[in-house]
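Q: Residue numbers (this note's numbering), protein chains in the order written: chain A, 1 to 366; chain B, 367 to 698.
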Amino acid sequence: MTKKLEVSAGKSPEIGSSQLELLEKLCNAMGVSGDEHEVRQIVLEEIKLIADDVKVDALGNVLATKFGRGEDRVRVMLDAHMDEVGFMIVKKHEDGLFQFETVGGIDERQLPGKAVLVGRDHLPGVIGAKPIHMTTASERKNKIPLSELRIDLGPEIGDEVQQGDWATFATQFEILGPSIKAKALDDRLGVATLIELLKHAPENIDLLASFSVQEEVGLRGARVAAYTFEPDMAIAVDSTPAYDLPTWDVDGENTLYNTLLDAGPAIYAMDGATIGDPRLVNLLVDTSEEEGIPCQIRQPGGGGTDAGAIHKVRTGIPSVSVSIPGRYAHTAAGLARISDWENTLRLLHAALCRVAPDLLAGERRD
Amino acid sequence: MKSLIQKLVETPGPSGFEYKIRDAIREEIGNAADSIRVDALGNLIATKGTKTGVGMRVMVSAHMDEIGLMATHIDDNGFIRFTSIGGVSPLTCIGGRVLFMDGTRGVIGMDGLDAGKMPKLSNLFIDVGATTKEDCPVKVGDVCGFERPFMDLGKRMVAKSLDDRIAAAIAIEALRQLKSTPHEVHFVFSTQEEVGLRGASTAAYGIDPDVGFAVDVTRSGDTPHPSAKMATALGDGPAIKVRDSSFIADPRLVDWMVKQAEAAGIPYQMEVLEAGGTDGRAIQMARGGVPAGCVSIVCRYIHSPSEMVDSDDVENAVKLLVKLLGEPIILD
Numbered sequence: 001m002t003k004k005l006e007v008s009a010g011k012s013p014e015i016g017s018s019q020l021e022l023l024e025k026l027c028n029a030m031g032v033s034g035d036e037h038e039v040r041q042i043v044l045e046e047i048k049l050i051a052d053d054v055k056v057d058a059l060g061n062v063l064a065t066k067f068g069r070g071e072d073r074v075r076v077m078l079d080a081h082m083d084e085v086g087f088m089i090v091k092k093h094e095d096g097l098f099q100f101e102t103v104g105g106i107d108e109r110q111l112p113g114k115a116v117l118v119g120r121d122h123l124p125g126v127i128g129a130k131p132i133h134m135t136t137a138s139e140r141k142n143k144i145p146l147s148e149l150r151i152d153l154g155p156e157i158g159d160e161v162q163q164g165d166w167a168t169f170a171t172q173f174e175i176l177g178p179s180i181k182a183k184a185l186d187d188r189l190g191v192a193t194l195i196e197l198l199k200h201a202p203e204n205i206d207l208l209a210s211f212s213v214q215e216e217v218g219l220r221g222a223r224v225a226a227y228t229f230e231p232d233m234a235i236a237v238d239s240t241p242a243y244d245l246p247t248w249d250v251d252g253e254n255t256l257y258n259t260l261l262d263a264g265p266a267i268y269a270m271d272g273a274t275i276g277d278p279r280l281v282n283l284l285v286d287t288s289e290e291e292g293i294p295c296q297i298r299q300p301g302g303g304g305t306d307a308g309a310i311h312k313v314r315t316g317i318p319s320v321s322v323s324i325p326g327r328y329a330h331t332a333a334g335l336a337r338i339s340d341w342e343n344t345l346r347l348l349h350a351a352l353c354r355v356a357p358d359l360l361a362g363e364r365r366d
Numbered sequence: 367m368k369s370l371i372q373k374l375v376e377t378p379g380p381s382g383f384e385y386k387i388r389d390a391i392r393e394e395i396g397n398a399a400d401s402i403r404v405d406a407l408g409n410l411i412a413t414k415g416t417k418t419g420v421g422m423r424v425m426v427s428a429h430m431d432e433i434g435l436m437a438t439h440i441d442d443n444g445f446i447r448f449t450s451i452g453g454v455s456p457l458t459c460i461g462g463r464v465l466f467m468d469g470t471r472g473v474i475g476m477d478g479l480d481a482g483k484m485p486k487l488s489n490l491f492i493d494v495g496a497t498t499k500e501d502c503p504v505k506v507g508d509v510c511g512f513e514r515p516f517m518d519l520g521k522r523m524v525a526k527s528l529d530d531r532i533a534a535a536i537a538i539e540a541l542r543q544l545k546s547t548p549h550e551v552h553f554v555f556s557t558q559e560e561v562g563l564r565g566a567s568t569a570a571y572g573i574d575p576d577v578g579f580a581v582d583v584t585r586s587g588d589t590p591h592p593s594a595k596m597a598t599a600l601g602d603g604p605a606i607k608v609r610d611s612s613f614i615a616d617p618r619l620v621d622w623m624v625k626q627a628e629a630a631g632i633p634y635q636m637e638v639l640e641a642g643g644t645d646g647r648a649i650q651m652a653r654g655g656v657p658a659g660c661v662s663i664v665c666r667y668i669h670s671p672s673e674m675v676d677s678d679d680v681e682n683a684v685k686l687l688v689k690l691l692g693e694p695i696i697l698d
């Protein structure tokens with residue numbers, strides 16, 4: 001006779017000071033695509049005592065498994081990318097001046113005057129440009145091309161930098177009342193969320209967490225991670241822009257905001273890389289209604305998350321994305337709400353607790 | 367066959383939301399296949415035949431999805447802003463009618479038209495007769511297809527979504543007519559072609575075919591001022607694709623397809639398409655690579671609500687496909 005295992009949902013996770021401290025560490029770490037080492041070390045340290053199995057794959061993804069209990073467990077892959085957009089030094093000049101390229105999607109108009117950190121030792125520098133005293137009115141109307149910008153570390157410090165070194169914005173994490181200001185909230189918010197979910201993993205599923213590399217340069221890490229995990233379903237946890245600002249330039253409603261702050265986790269019906277599996281979109285929306293957790297449908301459109309790579313792996317993987325909304329993504333300083341993060345974490349936890357084999361037993365349909 | 371075509375083109379199925387058209391196709395296939403299954407991305411895969419000595423595992427892919435629209439914002443007055451699913455031109459939207467998956471109907475309007483300036487999708491909106499955000503039955507993320515009835519012009523047929531329901535109809539008819547084959551043939555009615563050949567990619571991985579064929583529409587060069595440099599024309603027979611911008615058909619397979627068409631006395635035309643792609647690419651790139659070709663149906667006004675094909679081309683495409691699938695495939 002077999003004894004039926006009591007499968008526990010575990011305690012619902014919350015955001016407190018220790019979670020915010022972890023997020024601070026993750027955001028301040030440097031992890032430009034291809035150089036995710038620092039973030040990976042923080043992740044490995046956090047999960048080593050929680051996960052049943054942890055490995056680092058050939059591309060540098062951290063693949064962590066937390067097995068559930070009981071029978072017929074669905075294998076659920078959760079993905080968050082460790083990398084952030086940033087810069088790479090490409091040419092050294094005299095006096096500690098360096099030419100650089102962007103890594104991932106960065107609007108070059110945002111760059112002049114920003115403080116940066118360069119290389120593994122976080123050497124401080126600044127992206128310099130011609131000051132207003134020296135520019136003409138017509139020059140000020142145009143953006144300064146990347147080829148004319150330099151990172152300035154000055155002599156001595158500059159001696160330690162060489163081409164191929166990575167750099168990132170120097171912005172330090174801060175709590176501003178109900179908000180978080182930091183660089184790399186895209187996607188350290190997701191990374192921190194996955195760590196919390198591993199800590200509070202529901203026992204009805206096998207949780208396969210991929211802390212992925214190189215998302216910002218083409219969803220590269222998640223693709224091989226999904227190949228390795230071969231999950232039954234996947235959820236990409238990311239951060240997406242909230243452009244929910246008043247429309248200063250036009251009359252009428254802002255109809256292109258992508259997401260709104262304070263409106264909860266953003267569920268993806270469709271972006272440029274994935275059409276969310278309706279079964280999983282409905283799971284999240286229904287969970288939100290039943291649990292009274294706010295959520296929003298991200299405005300369908302362009303862009304992409306790791307789900308774009310994951311759902312096409314092998315014979316296909318039912319996938320969906322959930323993002324924590326954040327203003328000013330891919331700039332020196334993003335702004336997100338702690339409440340949106342907490343609601344994302346709560347929604348994901350509650351949805352995972354509802355995942356049973358019948359969710360995917362039928363065909364993909366509404 | 368026209369009633370089959372009418373049924374398929376009038377069933378909605380924008381990319382990612384193919385469940386209604388999948389049910390319609392499955393119903394039409396009935397018992398004609400040896401087995402039938404649906405995979406994780408919603409591809410319908412009907413299998414017929416077993417691999418004999420000279421036989422191969424063959425994948426035939428006709429995509430069942432069509433272009434469509436998805437709601438992005440419901441404004442205070444109940445108008446719906448939207449984005450496209452697949453390649454939708456704003457010009458073909460204006461004045462169009464749409465059908466949401468739940469049956470809600472609407473029309474596409476625009477305001478602020480600047481004469482002489484190409485409108486953007488963001489200038490357009492769907493009007494379902496709502497008066498406020500609250501009484502609008504459509505939510506952000508809801509999906510609609512274009513609505514337009516099938517029109518039979520005798521020799522020519524006009525409908526929305528002939529891309530690629532005409533190929534789905536051809537594949538169904540070939541499956542019905544295929545009495546003997548040395549091959550194990552997998553007819554894939556694929557999903558999400560219009561957004562990047564996604565369904566065929568995972569289907570091809572799962573089937574692991576020895577050879578593959580896409581069946582899809584291609585552009586015509588026979589209108590008064592064709593925008594594409596195309597030698598193809600309606601009525602000149604099914605087209606055997608040599609290349610498009612995503613895919614170079616396996617030349618051995620192209621030669622073999624031409625020989626089969628000639629042997630069976632089926633008219634055909636050669637196709638070189640400068641822009642565009644089909645499931646042929648997805649099959650070719652699966653796993654370690656697969657020899658792949660494509661049978662195309664020449665079609666006017668692709669991605670408009672009034673696409674046009676020739677009835678004889680359709681009949682001949684069925685004949686060609688049945689011929690190709692009934693013969694040993696020789697690649698040399």
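Note that CB positions come from ideal geometry on N, CA and C, so glycine has one too. These numbers come from a predicted model, not from an experiment.
Applying the criterion that 16 or more other CB atoms from any shown protein chain within 10 Å of the CB defines a buried residue, is residue 683 of chain B buried or exposed?
A: buried
Q: So is residue 271 of chain A buried or exposed if we call it buried at 16+ other beta carbons inside 10 Å?
A: It counts as buried.
Q: Closest by CA to residue 670 of chain B, which one among B:369, B:613 and B:585?
A: B:585
Q: Step through the CB atoms of chain A and report whether any lies within less than 8 Å of the CB of residue 643 of chain B.
A: no
Q: Specify the secondary structure class of residue 571 of chain B as computed by DSSP and reduced to three states.
A: Three-state DSSP puts residue 571 of chain B in a helix.
Q: Using a Cβ-Cβ cut-off of 8 Å (strictly less than) and excluding sequence neighbours within five positions of residue 698 of chain B, which residues of its own chain qualify?
A: 618
Q: Have a look at A:275, A:306 and A:316 and flag the residue whose alpha-carbon is nearest the alpha-carbon of residue 435 of chain B.
A: A:275
Q: Count the other CB atoms within 10 Å of the CB of residue 93 of chain A; is the residue buried (16 or more) or exposed (fewer)?
A: Answer is exposed; the Cβ neighbour count stays below 16.
Q: Answer with yes or no whether the minimum CB distance from residue 427 of chain B to chain A is below 8 Å.
A: no
Q: At 7 Å on the CB atoms, spell out the chain A contacts of residue 381 of chain B, in chain order.
A: 275
Q: State the start and end residues of the unbroken beta strand (DSSP E) segment that holds residue 75 of chain A.
A: 74-81
Q: Note down, in chain order, every chain A residue with its Cβ under 7 Å from the Cβ of residue 408 of chain B.
A: 363 and 364
Q: Given that a residue counts as buried once 16 or more other Cβ atoms are within 10 Å of its Cβ, and exposed if not, what is residue 82 of chain A?
A: buried
Q: Taking the alpha-carbon of residue 183 of chain A as reference, which of A:278, A:27, A:52 and A:91 has the nearest alpha-carbon?
A: A:27
Q: Quick check: what's the CA-CA separation for residue 537 of chain B versus residue 401 of chain B?
A: 15 Å
Q: Could you give the distance in angstroms between the alpha-carbon of residue 257 of chain A and the alpha-carbon of residue 630 of chain B?
A: 58 Å
Q: Where residue 220 of chain A and residue 213 of chain A are concerned, what is the direct C-alpha to C-alpha distance, given to the nearest angstrom?
A: 7 Å
Q: Per DSSP, what kind of secondary structure is residue 485 of chain B in: helix, strand or coil?
A: Three-state DSSP puts residue 485 of chain B in coil, outside helix and strand.
Q: If you run the structure through DSSP and keep just helix, strand and coil, what is residue 382 of chain B?
A: Three-state DSSP puts residue 382 of chain B in coil, outside helix and strand.
Q: So residue 438 of chain B and residue 448 of chain B are in contact, right, with Cβ under 8 Å, and what is the actual spacing, rounded?
A: 6 Å
Q: Assign residue 5 of chain A to one of two classes, buried (16 or more other C-beta atoms within 10 Å of its C-beta) or exposed (fewer than that).
A: Since pLDDT at residue 5 of chain A reaches only 49, below the 50 mark, its modelled position is unreliable, and no value is offered.
Q: Which residue comes first and which comes last in the alpha helix (DSSP H) that contains residue 18 of chain A?
A: From DSSP, the alpha helix (DSSP H) with residue 18 of chain A extends over 17-28.
Q: With a threshold of 8 Å between beta carbons, is residue 253 of chain A in contact with chain B?
A: Chain B, which has a Cβ nearer than 8 Å to the Cβ of residue 253 of chain A, makes this yes.
Q: In angstroms with no decimal places, state the Cα-to-Cα distance between residue 333 of chain A and residue 181 of chain A.
A: 6 Å
Q: Per DSSP, residue 653 of chain B is paired with what?
A: Paired residues: none, contrary to the question.
Q: Count the other C-beta atoms from every protein chain shown that fall within 10 angstroms of the C-beta of residue 142 of chain A, then say buried if there are 16 or more, exposed otherwise.
A: Classification for residue 142 of chain A: exposed.
Q: Between residue 506 of chain B and chain A, is any beta-carbon pair separated by less than 8 Å?
A: Output row for residue 506 of chain B: interface = yes.
Q: Would you list, in chain order, the members of the segment 109-131 of chain A that have their beta-carbon closer than 8 Å to a beta-carbon of chain B?
A: Answer set for the segment 109-131 of chain A: empty.
Q: Please report the distance separating the alpha-carbon of residue 609 of chain B from that of residue 661 of chain B.
A: 11 Å
Q: Is residue 288 of chain A near the ligand FAD, in the sense that its beta carbon is under 7 Å from a heavy atom of that ligand?
A: Among the components of this structure there are no ligands whatsoever, and the ligand FAD is therefore not found.
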